[in-house]
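Working notes, structure below.
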Amino acid sequence: MGDMANSSIEFHPKPQQQREAPHAGGFGCTLAELRSLMELRGAEALQKVQEAYGDVSGLCRRLKTSPTEGLANNANDLEKRRQIYGQNFIPPKQPKTFLQLVWEALQDVTLIILEVAAIVSLGLSFYAPPGEESEACGNVSAGAEDEGEAEAGWIEGAAILLSVTCVVLVTAFNDWSKERQFRGLQSRIEQEQRFSVIRDGQLLQVPVAALVVGDIAQVKYGDLLPADGVLIQGNDLKIDESSLTGESDHVRKSADKDPMLLSGTHVMEGSGRMVVTAVGVNSQTGIIFTLLGAGGEEEEKKDKKAKKQDGAVAMEMQPLKSAEGGETEEREKKKASVPKKEKSVLQGKLTKLAVQIGKAGLVMSAITVIILVLYFVIETFVVDGRVWLAECTPVYVQYFVKFFIIGVTVLVVAVPEGLPLAVTISLAYSVKKMMRDNNLVRHLDACETMGNATAICSDKTGTLTTNRMTVVQSYLGDTHYKEVPAPSTLTPKILDLLVHAISINSAYTTKILPPEKEGALPRQVGNKTECALLGFVLDLKRDFQPVREQIPEDKLHKVYTFNSVRKSMSTVIRMPDGGFRLFSKGASEILLKKCTNILNSNGEPRGFRPRDRDDMVKKIIEPMACDGLRTICIAYRDFPAAQEPDWDNENEVVGDLTCIAVVGIEDPVRPEVPEAIRKCQRAGITVRMVTGDNINTARAIAAKCGIIQPGEDFLCLEGKEFNRRIRNEKGEIEQERLDKVWPKLRVLARSSPTDKHTLVKGIIDSSTGEQRQVVAVTGDGTNDGPALKKADVGFAMGIAGTDVAKEASDIILTDDNFTSIVKAVMWGRNVYDSISKFLQFQLTVNVVAVIVAFTGACITQDSPLKAVQMLWVNLIMDTFASLALATEPPTESLLLRKPYGRDKPLISRTMMKNILGHAVYQLTIIFTLLFVGELFFDIDSGRNAPLHSPPSEHYTIIFNTFVMMQLFNEINARKIHGERNVFHGIFSNPIFCTIVLGTFAIQIVIVQFGGKPFSCCPLSTEQWLWCLFVGVGELVWGQVIATIPTSQLKCLKEAGHGPGKDEMTDEELAEGEEEIDHAERELRRGQILWFRGLNRIQTQIRVVKAFRSSLYEGLEKPESKTSIHNFMATPEFLINDYTHNIPLIDDTDVDENEERLRAPPPPSPNQNNNAIDSGIYLTTHGTKSATSSVFSSRPGSPLHSMETSL
């Protein structure tokens, strides 16, 4: 590690080196000194600090900062520090320019073919055949002399080129605006990330990018460190450095043993203060990014800083995933090998459908060309018996080019390249709107997966409840008070002990501040349970601040911070007589077991036997819990001055306690939650509550929320009982046992993070129902990380959530409210429906256009719809329609149906009925017009017109009618479940109205003034009215179709099934995966010409990737677990319960995936996450990582990437 960073010294900004001269800007340390200091670890680092600076406060003096007061909040000083030591910002990768996107859009095979055809057509039109051999060449050029028509021959080629340009620009613009939206979203996520620093003695929350060297930062449980620093003072601090070193063991940090804190690592326990010594590009993570080439050439761009993006959050930097694909080359390789894991269910279905349609289109277009050529050759050379003359060649070639263009046109129309576009627009639109509903979507496909959710495992505190806690009952001095007691009724000794126990034994960052507005409630800052206790102190007319000033934080002798294993917190202080006093608080049933005494009404301790404890549980604790209160026990213990206990032996120290009080804390249910849960249940989603609380409290709150209803058959279990039911004699989790438990389970209380993960995994892996469950999970704590990652959709709390939880999640709830989850379900279902609407519309157009072009060409040697017209139809049908139909706002009615499930086909039978029904109507009209239209309108027939003849009214009417029918059918397509009223809510979607009217206006312009390029000639008013009349007929016909019951049409097939069932075995799954990839590979070989669709899906995947790793190429976000293939092949988290190691590395690599699909998992007892006693912290079933070295130098890990890049 050391050499790595040393060798990278030359990376730091050149201008800064000159300025650094003797001692930069009056500070006592240069950038290089600090950088080399941060490369050391442990004792080595400590020694260096002592040699160079004396101690940490010496370092603070050199950096002109105070360990207690922090920096002065002085803009000039902060700016100067930024100039000398750099900003806490890692420059993002440059986005693609518009021109690059245009170039990408041009790579589309269909477009290339069209361009070639257009250029050939242009070339031939400028080539005049020598002499007047028109007779010899047959009637082919007859009519070409009309009104100098030959000169106008170039128009068709030019028009095709023009429309290609149009398509390319539209595609490029879409991609560009998408990229921009995601960048905006990313920077929003980043601006929201703040960190606590002390400036002028005040604790401030500053944006991460504003941190400077010399800042004194407060670190606490759950933080993701945004910069490197040296610890000044710490309580029981443990850091997960796996993102930098690959070591899964937590590293204990203390000011006297290992004070080095590194950016990108996670605080897993404890709290402390550090002085920031390196930021941005110079921090350890920054150096890695520089090596990965993310920050390389960006140094000059730093001056522009137009984006002011919070790079430090850049240090959000996916540190968790660093094991996931080190270098850029690695990533390019991955990109080349079909991005399997990226696809969500919906995209899988769409890709499959589009491949099928593309194949059909290809076949149709090939047949069209072959028939045309054969017909022409037989007619000319066999029937008329001509010979091929050299001078006639250009004329014949011109004919062949025309046939070729017709063939390509059929293909262009057959391919639904608007599909991927519709998905992207729909998702991007939803994501943008979901921001307003307090859902910040981090992974695009999470939004669509949410629509299929069948189960939600929710936390209780803060999600279902308001997270504004208050003490409402208490048991003090042998008396149970139903409300806050008057201070006069309590013995001064008890009161004094209570005030001290609460004030000292809680994080000093937790405070109660005066309300912001008159009449509002006091503001609670910090841990809400501690706020409730501090509020209790204030209600007893005492104040906690003087107590804290008397015993400041650095005077605390030892702190055992709260974590999910201890479920308690203890603090030791030194008494004036030289002895020690320990204060402890925690879950009552856990702490009471450690109490041997209790204070009586005079404040004197009396014995507290197990029998008394059972009594107390029955009489005090259970009644409180049944009222939905959390019970907290507060206790203390005195140690004599004579012998000092061994503070590391926690079980000895925190035992033999004297109970001061038990308090009941109420956290009221949010008023809107019961209604939201009712909506979920009506929508077919089961809500389960997973909480660390006592079972009675949990049951009471679940009943208030409506999660459990009286008279229902449900289970409420505690974590221990849950584990007993699902494990066999050997202690292994068995899926079939789990399957007996989870369907009825509604409340899981006193659960550990492991239990939550087990439950989520068990529900996802279960195959009991007819469909695989899609599970959403909410979490806020660091320990929820594994469950959030395992879930199909992880919701992290935006306000209460720790950085680790946000990092593992897919969606962040910016208001921590359960109702926002219901909104997310609505939006998810809406995405699905929007895609279906678009499909229904698109496929009708495709079927009709292909059949018309095909039959028309075969019968009349010329497609009734010309190439340019087809491109226009394609543009309105694809691009505009996808915009119009994909932006329909969701309605409450979406919540009245059950979830679709993973294998529901995209095109239901109702939709199939609509598609075929409308196609029949349109084809009837068009063929009638084609063969008898000239008689009906009394105009010249346009059939069998020679090459280059002027556009006929006849064909113009066909084109116009066709477009009118599409426009009205677009209105029909707004409903896909067979509703009658297709206009319902049409005005709530202005985009739709604008597009329909706009298309109509442009159509008028094309027909009246399009002339030769569009092969149109102006129509009379009467003809226009007929076209409109036929168009409106679509709406009437739609009602007729709606009358036919779908159930009668047994012959209709659904289409667009998901990529395979979930119940498949691994081998089948591998084959299924092969199949899809095979289809995609065929596409790649250029046998299918509908590449635009795939390209757009890829662009979309690329954008999603850009969104995920927006700032760096090098490190990837976690693959979202929504794809079917994925959830089968995701490494399991095995959590060692006692040492509390939560591995946050997720190394699913393509090759490993395949290996895993082939190899059966090793028969280990760690089949699930029951590595309770085994020392294995992270095993990936059947992969190499279990045997990987401590440094985990897999090709994916950041370390490996450094070795290779050096």
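Those letters in the sequence shown? Residues 50 to 1255, per our numbering, in order. Even glycine gets a Cβ: it sits at the ideal position worked out from N, Cα and C.
Please report the straight-line C-alpha distance between residue i and residue j, rounded to a whole angstrom.
i: Thr214; j: Val917; result: 12 Å
i: Val330; j: Glu699; result: 40 Å
i: Asp585; j: Gln522; result: The residue asked about is misnamed: residue 585 is Phe in this sequence, not Asp. Going from the Cα of Phe585 to the Cα of Gln522 covers about 10 Å.
i: Thr339; j: Arg237; result: 24 Å
i: Lys306; j: Ala121; result: 29 Å
i: Asn487; j: Glu937; result: 19 Å
i: Val621; j: Phe629; result: 7 Å
i: Lys577; j: Met484; result: 26 Å
i: Ser942; j: Arg992; result: 50 Å
i: Lys398; j: Leu934; result: 19 Å
i: Ser885; j: Pro672; result: 53 Å
i: Ile551; j: Lys269; result: 19 Å
i: Arg837; j: Lys793; result: The sequence as given places Leu at residue 837; Arg does not occur at that position. Roughly 22 Å between the two C-alpha positions.
i: Ser869; j: Leu489; result: 10 Å
i: Ile419; j: Ile1051; result: 35 Å
i: Ser1069; j: Asp433; result: 40 Å
i: Thr827; j: Glu565; result: 30 Å
Counting along the chain, where does the beta strand (DSSP E) carrying residue i start and finish?
i: Gly321; result: His315 to Ala327
i: Ser523; result: Thr519 to Leu525
i: Asp285; result: Asp277 to Asp289
i: Thr645; result: Cys644 to Leu648
i: Cys682; result: Leu678 to Phe688
i: Leu1057; result: Before going on, a small fix: residue 1057 reads as Gln here, not Leu. Careful: Gln1057 lies outside any beta strand (DSSP E), inside the alpha helix (DSSP H) at Pro1039 to Phe1058.
i: Pro939; result: Neither: Pro939 is in no beta strand (DSSP E) and is coded neither H nor E.
Under three-state DSSP, which class holds residue i?
i: Gly834; result: helix
i: Thr1171; result: Low local confidence applies: a pLDDT of 38 at Thr1171 is under 50, so the model's placement there is unreliable, with the coordinate-based value given in what follows. The answer is coil: DSSP assigns Thr1171 none of H, G, I, E or B.
i: Gln918; result: helix
i: Lys531; result: coil
i: Cys1100; result: coil
i: Leu605; result: coil
i: Thr214; result: helix
i: Ser507; result: strand
i: Phe452; result: helix
i: Ala94; result: helix
i: Met624; result: coil
i: Leu706; result: strand
i: His299; result: strand
i: Asp829; result: coil
i: Gln1015; result: helix
i: Pro443; result: helix
i: Ala731; result: Here residue 731 is Arg; the residue named in the question, Ala, does not match the sequence. Correct three-state label for Arg731: helix.
i: Asn488; result: strand
i: Thr114; result: coil
Which residue comes first and which comes last in the alpha helix (DSSP H) that contains residue i?
i: Leu787; result: Gln784 to Val790
i: Leu764; result: Looking at the DSSP string, Leu764 is not in any alpha helix (DSSP H); the run it does join, the beta strand (DSSP E), is Leu764 to Glu767.
i: Thr904; result: Phe867 to Thr909
i: Val1291; result: The structure shown does not extend to residue 1291, since the chain spans only 50 to 1255, so no value can be given for it.
i: Thr1070; result: Thr1070 to Thr1092
i: Ser106; result: Val105 to Arg111
Could you check whether the segment 890-910 touches the segment 492-503, counting it as contact only if at least three pairs of C-beta atoms, one from each stretch, sit closer than 8 Å? no
Output the residue ranges of the alpha helix (DSSP H) runs that lie fully inside the segment 955-1010 and measure 4 residues or longer, sorted by chain position. 958-986
Cβ contact (3+ pairs, closer than 8 Å) linking the segment 1016-1027 and the segment 886-904: yes
Counting pairs of beta carbons, one from the segment 656-663 and one from the segment 603-612, are three or more of them closer than 8 Å? no
At a cut of 8 Å, does the segment 996-1005 reach the segment 1054-1063 through at least three beta carbon pairs? yes
Does the structure place the segment 257-269 close enough to the segment 319-337 that three or more beta carbon pairs sit under 8 Å? Output reads yes: the segment 257-269 touches the segment 319-337.
Okay, do the segment 536-547 and the segment 772-789 touch, 3+ Cβ pairs below 8 Å being the bar? no
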